[in-house]
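Structure first, then comments.
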Amino acid sequence: MRSLRRGAQGSAARRDPAPSRLAYRLNRLALTPAVRRLVSTGLPLLGVALAGAVVIGDAGRREAMRDWSDELIETFQNRETFMVSGMQVGGASGPLAREIGALLGIRFPVSSFDLDLGEMQRTIAALDAVEAASLRVRPGGQLQIDVRERHPAIIWRSADGLELLDRRGHRVKTVEGREMRPDLPLMAGEGAGARTAEALELVATGALLSSRMRGLARIGDRRWDVILDRGQRILLPERNPVGALEQVIAMQQAQDLLGRDVVQVDMRMARRPTVRMQTGTAGELRKIKLSELGAD
1 MRSLRRGAQG SAARRDPAPS RLAYRLNRLA LTPAVRRLVS TGLPLLGVAL
51 AGAVVIGDAG RREAMRDWSD ELIETFQNRE TFMVSGMQVG GASGPLAREI
101 GALLGIRFPV SSFDLDLGEM QRTIAALDAV EAASLRVRPG GQLQIDVRER
151 HPAIIWRSAD GLELLDRRGH RVKTVEGREM RPDLPLMAGE GAGARTAEAL
201 ELVATGALLS SRMRGLARIG DRRWDVILDR GQRILLPERN PVGALEQVIA
251 MQQAQDLLGR DVVQVDMRMA RRPTVRMQTG TAGELRKIKL SELGAD
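Mapping of the sequence shown onto the working numbering: residues 1 to 296, in sequence order.
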């Protein structure tokens, strides 16, 4: 009886249900956050990466995947929702709108994904006649282009030909002849383009002489001459040319100075303005002080 009890006790000791030290440590390690993230996330990602490596490793599969991807993108981009069917240009004259259309050369319909609006905006803004431009695709598939057009204010005859300038002196376009824009004043001479604002102020000041004014000449890029018909010329000073022209206008209104046989009115010396008469009328080339004609 004693031997049986001892055998039973030894067997129970060998079947101790407590885990071994190694099993305990492995179980504790499996419960740590790092291992749990590795099992739940890392292993699936590793499996996907291995599968991708197997697929990509084959050239034929890579080509098939590329074709499938391109076809999927093209199908998405060419959906009717993203198609642009036409173009409208606002704020531009007819000739400028046609020039913009020809410059862009868009063949409609086209996907909005194929339109580089930024590059198109820079292309349009580079035109001489365009001061600013903006582009957007409107609902309904219309490309809307809004421009602020420069309007010519004066003609400049330079060494490069005849150019139309806006009020700021920016070139708008070139013209073949003066007769193409007879409604605009004319100026000529080196550096005149940079003095457009002053030239327009002189034109406005001399409005009384507009029917006789042929243009303005920039002399030595320093001062202006006002060119009138009948060969008459008004020489203006470097400083305050507008004030000098106003003085001549006052003389014209008071005494019809330019209605006489005057060849030239020299205002370059404000304190000693002079006129030059025609030789046939005066008998000789002589200078007459404007004060003798009644000026202050």
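We put the CB at the ideal spot given by N, CA and C, even for glycine. The model shown is predicted, which means the values in this text are computed figures rather than measured ones.
- Cβ neighbours of D116 within its own chain (closer than 7 Å, five residues either side excluded): none.
- Between the region 160-175 and the region 98-118 there are fewer than three inter-stretch CB-CB distances shorter than 8 Å, so the stretches are not counted as touching.
- Of the candidates T274, A197, D183, Q232, the residue whose Cα lies closest to the Cα of V242 is A197.
- The beta carbons of V147 and A133 sit about 5 Å from each other, so the pair counts as a contact at 8 Å.
- If you keep only unbroken beta strand (DSSP E) runs of at least 3 residues inside the region 165-189, you get 171-175, 186-188.
- DSSP places L216 within a strand segment (E or B) once states are collapsed to three.
- Listed in chain order, the non-local C-beta contacts of G189 below 6 Å within the same chain comprise A217, R218, local neighbours out to five positions each way being set aside.
- As for any beta strand (DSSP E) of minimum length 3 sitting wholly inside the region 223-271, the runs are 223-228, 233-235, 262-266, ordered along the chain.
- Counting other Cβ atoms within 10 Å of its Cβ, R195 reaches 16 or more and is therefore classed as buried.
- Assigned with DSSP and collapsed to three states, Q278 falls in coil, not helix or strand.
- Within the same chain, no Cβ atom closer than 8 Å to the Cβ of L43 is found once the five residues on either side in sequence are excluded.
- Distance between R230 and E149, taken at the CA atoms: about 37 Å.
- In the three-state reduction of the DSSP assignment, L127 falls in the coil class.
- Rounded to whole angstroms, L143 and M87 show a C-alpha spacing of 5 Å.
- Q255 has its alpha-carbon roughly 59 Å from the corresponding atom of L104.
- Between I234 and V203, the C-beta spacing is not below 7 Å.
- Put simply, of F82, I106, E246 the residue whose alpha carbon is nearest the alpha carbon of R138 is F82.
- In the DSSP assignment, the residues bridged to L143 are M87, V137.
- The residue among V175, I154, H151, A153 with its C-alpha nearest the C-alpha of D160 is V175.
- Note on P152: 16 or more other CB atoms within 10 angstroms of its CB, so buried under the neighbour-count rule.
- Apart from sequence neighbours up to five positions away, the residues of its chain that approach I145 with a beta-carbon distance below 6 Å are V89, L135, ordered along the chain.
- Excluding five sequence positions before and after L186, the CB atoms of its chain that fall closer than 6 Å to its own CB belong to I155, G215, given in chain order.
- Bridge partners of I154 according to DSSP: L165.
- Contact check for G169 against G206 fails: the beta carbons are separated by 7 Å or more.
- Note on geometry: alpha-carbon atoms of L245 and R223 lie some 12 Å from one another.
- Between G191 and D225, the C-beta spacing is not below 7 Å.
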